[in-house]
Structures are given as C-alpha cells and as structure tokens.
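Data first, discussion second: the structure below is written as structure tokens.
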Amino acid sequence: MLVRKMDSEVLVLATDNRGKIVELTDLLKPYHLRVLSTKDLLLPDPEETGSTFIANAKIKALTAAQASGIPAMADDSGFSVAALEAAPGIYSARWAGPQKDFNLAMQLVHYKMIISKSDDTQAWFTCALALAWPDGYCESVEGYVYGRVVWPPRGDNGFGYDSMFVPDGKNMETFGECNINRKKLISHRADAFSRLVNRCFKGRNFDGKRLLSFRQK
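At the far end of the sequence shown sits residue 217, using UniProt numbering, and the numbering has no gaps.
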C-alpha cells in the first residue's frame with residue numbers, strides 16, 4: 001500500500017481554534033514548515049456533516065487543501081464521558097453553543113452526569129487528524145487519552161473541556177492546569193500526531209528539504 005509523504009514546505013491548518021493552532025504548530029516545529037491557518041487565508045469553515053471524528057477531519061482538510069492549493073491538516077476532536085454513553089463525542093463543540101462557551105458545555109456535562117445517577121467518572125478525549133492534498137488524496141489517523149472527569153473545573157491553561165479532565169497516571173493535574181510541554185507529550189492530539197508522523201513525516205529531513213512523494217509502507 002502506497003502512503004504519501006509530506007514533502008511540501010507549506011502546510012495549512014484547517015482550523016480557527018487558537019488552542020489547536022498553538023498545539024499543532026508546536027508539534028510541527030521540528031519539520032521546519034511554514035504553517036498557515038484557514039483564518040490567515042480567509043477560508044470559510046465547511047459544514048461538518050460526518051458521523052465520525054475522522055469523517056469530519058477529512059471534510060475540513062480536503063476543503064482547505066482544495067481551496068488553497070496547499071496541503072492541509074485538520075483536527076476533529078471531542079470529549080467522551082462513560083456515564084453519558086460517550087457523549088458529547090463528535091458533538092462536543094455543539095454543546096458549547098453558538099458562542100463556543102465551554103464553561104457552559106462543562107456545566108452541561110456535569111448536570112447530565114448528576115441526572116444519570118452514575119458513579120462512573122471515566123472519560124477520554126479523541127483526536128482525528130487528516131492530512132490532505134489539493135488533488136484529493138488524504139491520510140487520516142486517530143489518537144486518544146484516557147482519564148476521568150473532575151468537578152469543579154481546575155486551571156486556565158487549556159481550552160475546551162480541559163479543565164474538567166484528569167488524565168490517567170500519578171499526576172493529579174487537569175489538562176487545564178497542565179504545562180503545555182507536558183500536555184503535548186500525553187494528549188490525544190499528540191497521540192494522533194505521532195501516528196501521522198510515522199505514516200507521512202517519518203524520514204523527512206529536518207532542514208525542510210523535500211523527499212520523494214511516496215514510499216512503500
């Protein structure tokens with residue numbers, strides 16, 4: 001099976017979410033790419049009509065790549081709670097409403113957990129990353145981080161549902177309290193990115209020189 005290598009010097013991040021832009025740009029630093037966002041290019045957001053994280057990531061990446069003529073990476077991620085039967089899941093952003101108020105979204109999660117009458121605090125984040133080219137070719141991966149819900153939320157370092165999530169392990173910090181350097185090692189986005197690197201970036205010269213577009217998997 002042929003897998004396309006990322007050989008462009010420029011990459012578009014198909015998001016206007018500042019938190020995602022910061023995390024992905026930081027992860028991409030070793031590859032010496034010029035990173036732009038759809039906000040930089042004034043590209044509109046497509047309608048996310050997929051029924052899975054990967055489907056929505058592909059929609060965003062392909063739309064941005066074809067509109068810009070530049071390879072594009074898109075993230076679709078969400079927060080799932082065991083007591084809520086994996087909700088909000090792909091609807092995580094919608095729970096924040098049109099104003100993207102994630103304080104409201106976290107309150108809604110907490111309220112629904114109370115009325116569920118479940119003691120299960122297990123939760124996880126999922127991140128799908130899609131890397132698309134203007135000709136319609138696309139690679140996609142999915143990553144995860146597991147942990148539990150806490151209340152009240154703690155910390156202002158993260159975004160989304162970060163302040164109510166403690167990842168598994170000895171450290172009791174929420175993602176909202178977590179230093180970005182620690183978070184980038186253990187997050188769902190870091191997990192997905194490592195998978196995408198192994199597939200499409202592995203072997204790329206760190207001075208930014210182009211490699212052949214395809215390799216044998």
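Think of the CB as a built atom: it goes at the ideal place given N, C-alpha and C, for glycine as much as any other residue.
May I have the straight-line CA-CA distance separating residue i from residue j, to the nearest angstrom?
i, j, result
"Gly-169", "Glu-177", "15 Å"
"Leu-131", "Asp-119", "39 Å"
"Ala-96", "Thr-25", "24 Å"
"Val-72", "Thr-38", "The sequence given here places Ala at residue 72; Val does not occur at that position. Approximately 9 Å between the Cα atoms of the pair."
"Asn-160", "Val-145", "Correcting the residue identity first, residue 160 is Gly in this sequence and not Asn. Going by the C-alpha atoms only, they are around 15 Å apart."
"Ile-180", "Ile-186", "10 Å"
"Cys-127", "Gly-89", "10 Å"
"Leu-27", "Lys-184", "8 Å"
"Asp-135", "Gly-69", "9 Å"
"Arg-4", "Cys-200", "6 Å"
"Leu-11", "Ala-105", "31 Å"
"Glu-85", "Val-149", "14 Å"
"Leu-2", "Lys-202", "14 Å"
Measuring CB to CB, does residue i end up less than 7 Å from residue j?
i, j, result
"Ala-61", "Ala-93", "no"
"Gly-143", "Val-166", "no"
"Ser-140", "Arg-154", "no"
"Ala-67", "Leu-43", "yes"
"Pro-46", "Ile-59", "yes"
"His-32", "Phe-125", "no"
As a quick exercise: from the options, pick the residue whose alpha carbon is nearest that of residue i.
i, options, result
"Ala-83", "Glu-9, His-110, Lys-100 and Val-141", "His-110"
"Gly-158", "Lys-202, Asn-103 and Asp-7", "Asn-103"
"Glu-173", "Pro-152, Ala-64, Ala-190 and Asp-191", "Pro-152"
"Leu-108", "Ile-21, Phe-79 and Trp-133", "Phe-79"
"Phe-175", "Leu-41, Arg-34 and Asp-156", "Asp-156"
Note down, one range per segment and in chain order, each beta strand (DSSP E) of at least 3 residues found wholly within the segment 67 to 141. For the segment 67 to 141, whole beta strand (DSSP E) runs of length 3 or above, ordered along the chain, are 72 to 81 and 122 to 132.
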